[in-house]
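Here is the structure we will look at, set down as C-alpha cells.
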Amino acid sequence: MPEPRPRTLRAETMGTAPMWFLLLQMSFPPMLAIIVMALYSIVDRAFVGNVIGVDALSGLSAAFPAQIAAVAIGLLPGLGGMSVASRALGARDTRQASRVIGSSLAILAPVYLAVTVAGVLRLDDLTALMGASSDTAPYAREYLVIILPGGIFTMLAVAANNLFMAEGRPGSATVVLAGGAVANVILDALFILVFGWGITGAAAATVLAQGLAVTYVAWFYLTGRSALNITLDALRPRFRLIQEIIALGLPIFIIEAARSIVVVVINNILAQYQGGDAYIALFGVINAVLEFALAPFIGVALAYLPLAAYNYGARNYRRIREAIWQSCLGATICGALMIAVLLPLSGHIIRLFAETNALPPEAANALRVALIALPIVGIEFVSSVAFQALGKAWPSVVLTVVQRVVFLLIWVFTLSGMLGVWGVWWSFPVTDISAMFLGFVALALVWRRAEKWGEADYHRRVGDFDGTAVRQ
C-alpha cells in the first residue's frame with residue numbers, strides 16, 4: 334500500500350524545485366562533510382608526522398589503501414542502493430525503496446568478514462604489498478590490526494549516508510560524515526597527544542568515531558524518521574534486489590577499489606627511488622590534500638546521482654539534461670576557486686605535516702602539479718555516475734575503469750619511466766585531462782539517449798507496450 338503523501342514530499346521536490354537550487358542544497362552538505370573528513374585526514378597525518386615522525390607518516394600512508402577499501406565496500410551497497418531507492422521513490426514505490434536496507438546489509442556482512450579475516454591473517458604480506466619498508470612496516474601493522482576489524486563501522490556509515498541522499502536528506506548525510514570526522518579529530522588529540530598511544534591511538538580514534546556515526550544511523554532509522562520503513566519485509570534479503578544493487582554499485586566500488594590498487598602501485602614505484610619512505614610519506618600528504626580538493630566534485634556527483642535517478646524514474650528527461658549541464662558548470666567553477674586558493678598555499682600546507690627537512694625538497698611543487706587540473710575534474714566525476722543514475726551499470730563500469738585505472742596506470746608508468754619521480758606527480762593532471770575528454774563523450778551520449786532508454790525501461794516495468802503513457 335502506498336505511503337501517505339507527507340512521507341514522500343521531501344523526495345518529490347527533486348522533480349519540481351529549480352535544479353540549481355537542488356544541486357546546491359544536495360551537494361553542499363556532503364561537500365562540507367567531505368571537507369571536514371578531509372581536514373580530519375590532514376590533522377591525523379599532521380599529528381602523526383609531527384608527534385611520531387616521518388617514518389610513522391610513511392607507514393600510515395602505506396596503510397591508506399586499506400581505508401580506501403573499507404569505503405569501497407560501503408559504497409557498493411550504498412550507491413547501488415541509492416540508485417534503486419531514488420528510482421523507486423520517483424515512481425512512488427516506497428515499499429520497494431525500503432527493501433534496499435535488508436539487501437544492502439546482506440551484501441556488507443560476508444564481504445566484511447572475508448576481507449577482515451584475510452587481512453588479519455596475512456598482515457605481514459599485506460604491509461609488504463602496500464609498499465612499506467622495514468622501517469615503516471611496524472607502524473603500518475600497528476595501524477591495520479585495529480583498522481581492519483573496525484572497518485565494519487566505516488562500511489555501515491558510508492552505506493547509510495548514501496541511502497539518506499536517496500530520499501533527499503543531505504542534512505542527515507552530513508551528520509553521519511561530518512559528525513564522525515569531528516569526533517575523529519577530538520579523539521585523535523586525546524589518544525595521541527594526551528594518552529601518547531601513537532599510531533594505535535590514530536587507528537582507535539578512527540574506529541570509535543565511525544562507531545558513533547553508526548549509532549546515529551541506527552537511532553535515525555529505528556525512530557521512524559526515514560521515509561524508508563524498517564520492517565521485517567524490508568529487512569529480508571532479496572536475491573534479485575541484491576543483484577541489482579551490486580550491479581549498480583559496482584562502478585563506484587571499482588572507482589574506490591581501483592584507487593586502492595593504484596595507491597599500492599604508486600607506493601611501490603616510489604619505494605624504488607632513493608629516499609622512498611619520504612616519497613611515500615609525501616604521496617600520503619598529497620592524497621590527504623586531494624581528498625579536501627576533490628570534495629566539491631564528489632558533492633556535485635552525489636547530488637546529481639539521486640536527482641537524475643529520481644527524474645529518470647519519474648520520466649522527466651528535460652530535468653536530467655538540466656542536471657548535467659548545471660552540475661558540470663558548478664563543478665568547474667568550484668575547481669577554479671579551489672586551485673586559486675590552494676596553489677599559493679602549497680608550501681604552507683606541506684609544512685603542516687612534518688619538519689621542513691623531513692619531506693623531499695620538491696614537496697610543495699609536487700603538490701602544485703597534482704592539483705593543477707582541478708577545474709576540469711568535475712566533468713570526470715559527473716560522467717562517472719551519469720550512466721549509474723539511469724540504472725545502466727556496465728557502461729559505468731567500463732567508463733570508470735578507463736578513467737580511473739587504465740589512464741592513470743598508463744601515464745604513471747610512462748611518465749615515471751621518462752621523468753623519474755616527477756613523472757609520478759605529472760601523471761595525475763595528465764590522467765585528469767584524458768578522463769575529461771572521455772567524460773564529455775559519455776555525457777553527450779546520456780544527453781541524447783536518456784529519453785529513449787527511460788521509455789523502454791518504463792514500458793518494460795509496467796507492461797505498457799502500446800506507447801500510450803504520457804511523459805512529464
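If you're matching positions, the sequence shown starts at 334 in my numbering and goes up one per residue.
Glycine included, C-beta positions come from ideal geometry on N, C-alpha and C.
Given a threshold of 16 other Cβ atoms within 10 Å of its Cβ, counted over all protein chains shown, does residue 690 qualify as buried or as exposed? Counting the other Cβ atoms within 10 Å of the Cβ of residue 690 gives fewer than 16, which makes it exposed.
What's the gap between the Cα of residue 578 and the Cα of residue 715? 20 Å
For residue 455, tell me which candidate among 474, 765 and 469 has the shortest Cα-Cα distance. Of the listed residues, the one whose Cα sits closest to residue 455 is 474.
Proximity to residue 411 [Cα-Cα], best of 360, 488, 601 and 614: 488
Between the Cα of residue 668 and the Cα atoms of 452, 629, 350 and 372, which residue gives the shortest distance? Ranking the options by Cα distance to residue 668, first place goes to 629.
For residue 557, report the span of its alpha helix (DSSP H) as first-last. Run containing residue 557: none; DSSP gives neither H nor E here.
In this structure, how does DSSP classify residue 530 when only helix, strand and coil are distinguished? coil
Neighbourhood of residue 347 by C-beta distance below 6 Å, restricted to the same chain and skipping five residues each side: 501, 640 and 643
Quick test of the definition: if touching needs 3 or more C-beta pairs under 8 Å, does the region 356-363 touch the region 503-510? The region 356-363 is in contact with the region 503-510.
Touching or not, the region 695-704 and the region 747-766, by the rule of three or more beta carbon pairs under 8 Å? Touching, yes, given that three or more Cβ pairs across the two stretches are closer than 8 Å.
Name the two residues that bound the continuous alpha helix (DSSP H) containing residue 619. 609-626
In chain order, what residues of the same chain lie with their CB nearer than 7 Å to the CB of residue 398, ignoring the 5 residues before and after it? 463, 593, 596 and 597
Status (buried if at least 16 other CB within 10 Å, exposed otherwise) for residue 460: buried
For the alpha helix (DSSP H) that contains residue 671, what are its first and last residues? 650-675
Could you pull out every residue in the same chain whose Cβ sits closer than 7 Å to the Cβ of residue 538, ignoring the five residues on either side in sequence? 517, 520, 521 and 524
Count the other CB atoms within 10 Å of the CB of residue 725; is the residue buried (16 or more) or exposed (fewer)? buried
Three-state class that DSSP yields for residue 592 in the structure shown: helix
If you count every other CB in all the chains shown that lies within 10 Å of the CB of residue 446, and 16 or more means buried, which is it? exposed
Spatial neighbours of residue 375 within its chain, please: CB distance less than 6 Å, with the 5 preceding and 5 following residues excluded, ordered by chain position. 621
Just how far apart, CA to CA, sit residue 695 and residue 402? If you draw a straight line from the Cα of residue 695 to the Cα of residue 402, it comes to about 30 Å.
Measure the CB-CB distance between residue 612 and residue 532 and report whether it falls below 8 Å. no
Contacting residues, own chain, Cβ-Cβ under 6 Å from residue 424 (five flanking each side not counted): 646
Would you report the Cα separation of residue 495 and residue 373, rounded to the nearest angstrom? 20 Å
Outcome for residue 338 when other beta-carbon atoms lying within 10 angstroms are tallied against a minimum of 16: Reliability of the predicted coordinates at residue 338 is poor, the pLDDT of 40 falling under 50, and the value obtained from them is presented with this limitation in mind. Residue 338 comes out exposed.
Residue burial classification, residue 800 (beta-carbon count within 10 angstroms, cutoff 16): Low confidence applies here, because residue 800 scores a pLDDT of 46, under 50, leaving its location unreliable; read the following figure in that light. Exposed, because fewer than 16 other Cβ atoms sit within 10 Å of the Cβ of residue 800.
Helix, strand or coil for residue 349? Go by DSSP, reduced to three states. coil
Using the three-state DSSP reduction, which class does residue 494 fall into: helix, strand or coil? helix
Residue 448 to residue 575, Cα distance in whole Å? 19 Å
Are at least three pairs of beta-carbons, each pair with one atom in the region 554-565 and one in the region 424-441, less than 8 Å apart? They touch, by the three-pair rule.
Can you tell me which of 711, 627, 396 and 614 puts its alpha carbon nearest to the alpha carbon of residue 659? 711
Residue 725, DSSP secondary structure in three states: Looking at residue 725 - three-state DSSP - the assignment turns out to be coil, as it is neither helix nor strand.
Is residue 692 near residue 615, with beta carbons less than 8 Å apart? Their beta carbons are under 8 Å apart, which means residue 692 touches residue 615 by this criterion.
Who are the near neighbours of residue 599 in its chain, counting only those whose CB is closer than 7 Å to its CB and skipping five residues on each side? Result list for residue 599: 616, 745 and 757, in chain order.
Residues in the same chain with beta-carbon distance under 7 Å from residue 352, minus the five sequence neighbours each way, listed in chain order, please. Excluding its 5 nearest sequence neighbours in each direction, residue 352 has C-beta neighbours in its own chain below 7 Å: 652, 655, 656 and 659, listed in chain order.
Per-residue DSSP class, three states only, for residue 467: Residue 467: coil per DSSP, three-state reduction.
Taking the Cβ atom as the reference point for each residue, do residue 723 and residue 783 lie within a distance shorter than 8 Å? yes
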